[in-house]
Structures are given as structure tokens and as C-alpha cells.
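Encoded as C-alpha cells, the structure appears first; notes follow it.
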Amino acid sequence: MSYGKRRRTGYDPASIQEYTFPIENIPRLSARDPEVYRLIQASRPVVISDSGLINSALKWNLGYLQENLGDGSFHVYGSKDNRFKYYDEKRAKQCKSFPKPVKRYEVSFNDFLKMLMEKKNTRERIYLQQMLNESVGQEIVKDYVDFNWDWVGRIQNEQGWGPLSSNLLLIGLEGNITPVHYDEQENFFSQISGYKRCLLFSPDQFENLYPHPVAHPCDRQSQVDFSKPDFERFPKFRNARAMEAIVGPGDVLYIPMYWWHQVESLKSLSPIDHKLRDFSTTTSSGSSGDIPPVTVSVNFWYRAAPLPATVKFPISAQQRVSVMRNIEKLLASALGSADEVGKLLSTMVDGRYNEE
Ligand code: OGA
Ligand code: FE
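Numbered by full-length UniProt numbering, the letters in the sequence shown go through residues 1 to 356 in order.
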């Protein structure tokens with residue numbers, strides 16, 4: 001049985017950072033193993049090694065994407081270090097003093113490739129994160145149609161999930177980190193090329209991970225930086241326990257809704273040849289040799305299943321997170337300001353609900 005086996009080859013083990021919390025392996029199973037469906041049913045993470053979900057995309061190197069991704073525009077993030085902390089643009093505008101953790105660019109795919117080559121010698125790291133949309137070329141459409149929709153559609157139906165909402169394409173430099181956060185959708189996270197280390201934490205670790213307030217631009221993100229945790233501000237982070245999966249080409253990781261995850265691009269032992277066509281423009285011509293190694297992933301975000309007609313008590317950790325989010329939103333709207341939420345909650349709790 002391959003239960004609990006970690007993927008061991010392809011990446012440089014020295015690119016795995018050490019952290020303060022204990023880590024256990026996420027099961028890695030074949031799509032033929034019925035345990036996969038039991039785990040998904042129980043909202044537990046699992047790596048599926050042979051679903052074939054994105055086999056038609058395994059040829060998506062940068063040269064192929066350059067030829068076929070079309071002339072749409074792409075969101076590219078820039079960071080002064082290796083962390084790419086997400087923030088909500090609208091809420092950031094409303095905030096008086098919010099230092100933006102990353103810069104946002106909107107560029108053509110060719111410009112992204114140029115940035116990859118030119119930024120090699122600068123401090124700024126970049127990370128492309130773009131929803132696949134109708135601007136992609138014919139060949140990509142064909143590959144997309146050839147995804148294993150039978151397999152993923154069967155799970156979607158069995159689980160009663162809502163529709164597929166989007167597929168995010170992620171192309172990042174080795175060493176890039178998406179800091180720990182949770183999403184409000186079910187996710188089949190699929191690795192196309194290179195290796196990623198995914199650290200997951202169950203939703204019952206809400207208090208260990210100290211998410212920003214719901215109205216904050218960094219809603220859903222943890223305030224804790226794993227590489228230098230501030231235990232004075234976040235003492236319960238000492239109780240955090242992670243589950244880990246290292247995913248490589250063809251692997252699919254199920255990230256259940258509300259599960260915390262941090263995603264780290266590892267160093268490949270044998271970076272692939274991107275077969276890049278030379279740029280026809282007047283700027284510096286590029287060959288694959290000028291392109292630093294990247295990782296390529298695409299995710300499948302599904303809307304949650306609707307709430308069951310009768311709720312079972314005690315409610316699940318996921319449902320508790322949902323309840324807390326709703327209370328924070330309700331208070332902000334009832335008080336006309338998100339700044340008043342904390343004070344009101346303290347007034348309600350202090351000396352009343354937190355007495356022994
Ligand atoms: C996700 C996610 C981050 C990454 O797919 O939900 O957080 O860097 N991905 O791949
Ligand atoms: Fe995510």
C-alpha cells in the first residue's frame with residue numbers, strides 16, 4: 001500500500017525549509033483506491049497520483065504557453081522577498097494605512113517572459129496567477145477539453161458540490177511562497193511542472209493561526225509568518241500541527257474548503273527545457289537558457305455543496321469558521337464600521353463568557 005508515502009524524487013531536499021511545528025504526511029493514493037473517495041467525503045486532504053486530470057497539460061512548458069496562451073492580459077505579482085501574500089484591492093483602497101505586501105502588474109504573456117529574464121538580476125521576484133478564460137488559443141482550449149472531466153465530474157456529483165467556478169493558472173519562480181491562508185471553495189490543486197510543497201492545517205486550528213479580521217484586506221490570510229513566528233503575539237501558534245504533501249507533475253492535491261494551506265515552490269533537480277521561441281521584438285532576444293526555472297500549476301475551484309436541510313450537531317470545524325465569518329460581517333454592517341467589531345465582541349465576552 002502506498003498510504004502515507006511521500007514523493008521523494010525530482011526536487012532538491014535542501015530547498016525544504018524547517019519550521020517550528022510538527023508535520024505529518026498527507027496520504028498519496030491511486031485514483032483506483034476507494035479510500036480517496038472516503039477521504040474527500042470526510043473533507044480530508046489527499047494526493048491522487050494517477051487521476052490523469054491534467055495529463056493533456058503536462059506539455060505546457062513556457063514555449064508552448066507562449067505560442068498558445070493567446071493575447072489576453074495576465075495578472076503578475078511582484079514581491080521584494082519570496083512571500084506573495086494576497087490582499088483584496090478594494091479593501092486596500094478603503095484602508096487608511098495598508099502597506100501593500102505585493103505589487104500587481106497586468107501584462108501580456110510575452111511581457112511576463114521578459115520580466116522573468118530581466119528580473120533575474122533584480123531583487124523583485126514575480127509570480128503569475130491568472131484565471132484561464134476565453135482569450136486562450138485553440139490548442140489550450142483543446143487541452144482543456146481533454147482534461148479528465150469524467151473523473152473530476154464524478155467526484156463533484158458524488159459530493160454534491162456546486163459548479164466549477166474557475167481554474168487559476170500559476171507560474172512562479174522556484175522559492176516563491178504563497179503564505180498560509182484558506183479559501184472558501186473546494187480545490188483540486190493540480191501540478192503541471194516542477195514541485196511544490198503544500199503545508200495544510202485543518203480548520204479546527206483557527207485559533208492557532210490568527211487570521212486577519214474578515215474586513216481586513218488580508219482576510220483569510222494568517223498573520224503568522226512561519227519563517228519568523230512571533231510567539232508573543234501569537235502564543236497558540238505553538239499548538240499548530242501541519243500535514244504536508246509534495247506534489248510533482250500529474251499529481252492532484254485535494255484541498256478541502258476552509259483548510260489552511262501554504263504553498264512553496266521547490267527547487268527542481270532537473271529543470272525542464274522550455275523550448276522558447278526567440279522574441280521577435282527589438283528588445284533582448286530570449287532563449288530558454290535565459291529563463292530561470294519555474295513551477296506551473298492549475299487549480300480547479302468548485303463552489304461548496306449547499307447546506308444540508310438538517311444540520312447535525314455539533315457542527316463541523318468548517319461550519320464554525322463559516323459562522324464566525326458571518327458574525328464578523330453582520331457586526332460590521334450593524335455597527336456601520338468594521339473598526340467597532342472587536343470592541344463590541346470584547347464587551348460581550350469579557351467577564352461573562354471567558355470566566356471559568
Ligand atoms: C490555491 C493556492 C497557491 C500556490 O490554489 O488555492 O493557494 O502558490 N495556490 O500555488
Ligand atoms: Fe489557496
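Glycine included, each C-beta is placed from N, C-alpha and C at the ideal position. Quick caveat, the model's predicted, so the values are computed rather than measured.
Going by C-alpha to C-alpha distance, which of the options sits closest to residue i?
i: K80; options: I177, M324, V214; result: I177
i: V323; options: L307, S337, L335, G336; result: L307
i: K142; options: N68, P27, Y302; result: N68
i: D50; options: I40, M257, L253; result: L253
i: K93; options: P293, G250, A215; result: A215
i: N43; options: Y258, F313, S108; result: At residue 43 the sequence reads Ser, which differs from the Asn that was named. The shortest Cα separation from S43 among Y258, F313, S108 belongs to Y258.
i: D146; options: E244, A240, I54; result: I54
i: L331; options: R32, M348, I315; result: M348
i: N61; options: L335, V341, H274; result: H274
i: residue 358; options: K196, D150, A338, V36; result: Look at the range of the chain in this structure, 1 to 356, and you will see that residue 358 is not part of it.
i: N187; options: A304, I26, K96; result: A304
i: Y182; options: Y87, V247, T122; result: Y87
i: Q205; options: E106, V263, V224; result: V224
i: I126; options: V180, V136, Y144, E106; result: E106
i: L128; options: K103, R91, D12; result: K103
i: A14; options: G137, H212, G70, G175; result: G175
i: N133; options: M117, G70, P179; result: G70
i: P213; options: E340, H75, D290, E24; result: E340
i: D278; options: D290, N25, P271, K267; result: D290
i: E184; options: W149, R220, S202, Q156; result: R220
i: G172; options: S227, F84, P99, P27; result: F84
i: R8; options: K267, E158, A31; result: K267
i: E34; options: F21, L200, E158, F300; result: One detail in the question is off: residue 34 reads as Pro in this sequence, not Glu. Minimum Cα distance to P34 is reached at E158.
Please tell me whether residue i has its Cβ less than 7 Å away from any Cβ of chain D.
i: G52; result: As a matter of chain content, chain D is missing from the structure shown, which is built from one protein chain.
May I ask you to report which of helix, strand or coil DSSP gives residue i?
i: E207; result: helix
i: S79; result: strand
i: residue 357; result: Beyond the ends of the chain as shown, which are 1 and 356, falls residue 357; an answer cannot be given.
i: W260; result: strand
i: P179; result: strand
i: F74; result: strand
i: E35; result: helix
i: Q223; result: coil
i: R197; result: strand
i: K103; result: strand
i: V214; result: coil
i: R238; result: helix
i: F112; result: helix
i: R352; result: coil
i: A245; result: strand
i: D253; result: The sequence shown places Leu at residue 253, not Asp. Looking at L253 - three-state DSSP - the assignment turns out to be strand.
i: L65; result: helix
i: S97; result: coil
Tell me whether residue i counts as near ligand 1, meaning its Cβ is closer than 6 Å to at least one heavy atom of that ligand.
i: L170; result: yes
i: D251; result: no
i: V247; result: no
i: V298; result: no
i: N133; result: no
i: N55; result: no
i: N82; result: no
i: F201; result: no
i: V321; result: no
i: T178; result: yes
i: N167; result: no
i: F189; result: yes
i: V263; result: yes
Report buried or exposed for residue i, applying the criterion of at least 16 other Cβ atoms within 10 angstroms of its Cβ.
i: F237; result: buried
i: Y353; result: exposed
i: T295; result: buried
i: M131; result: exposed
i: A240; result: buried
i: T282; result: Here T282 scores only 42 on pLDDT, less than 50, and its place in the model is too uncertain to base an answer on.
i: E207; result: exposed
i: P256; result: buried
i: A57; result: buried
i: W161; result: buried
i: D251; result: buried
i: V311; result: exposed
i: S193; result: buried
i: F313; result: exposed
i: L269; result: exposed
i: I327; result: exposed
i: Q138; result: exposed
i: F231; result: exposed
i: R123; result: exposed
i: L344; result: exposed
Should residue i be listed as close to ligand 2, given that the test is whether its C-beta is under 6 Å from any heavy atom?
i: D219; result: no
i: D225; result: no
i: D88; result: no
Tell me whether residue i, by its Cβ, gets closer than 6 Å to a heavy atom of ligand 4.
i: D183; result: No copy of ligand 4 occurs in the structure displayed; its ligands are ligand 1 and ligand 2 alone.
Every unbroken beta strand (DSSP E) within the segment 270-350, with a cutoff of 3 residues, ordered by chain
Along the length of the segment 270-350, whole beta strand (DSSP E) runs at least 3 residues long occupy 294-302, reported in chain order.
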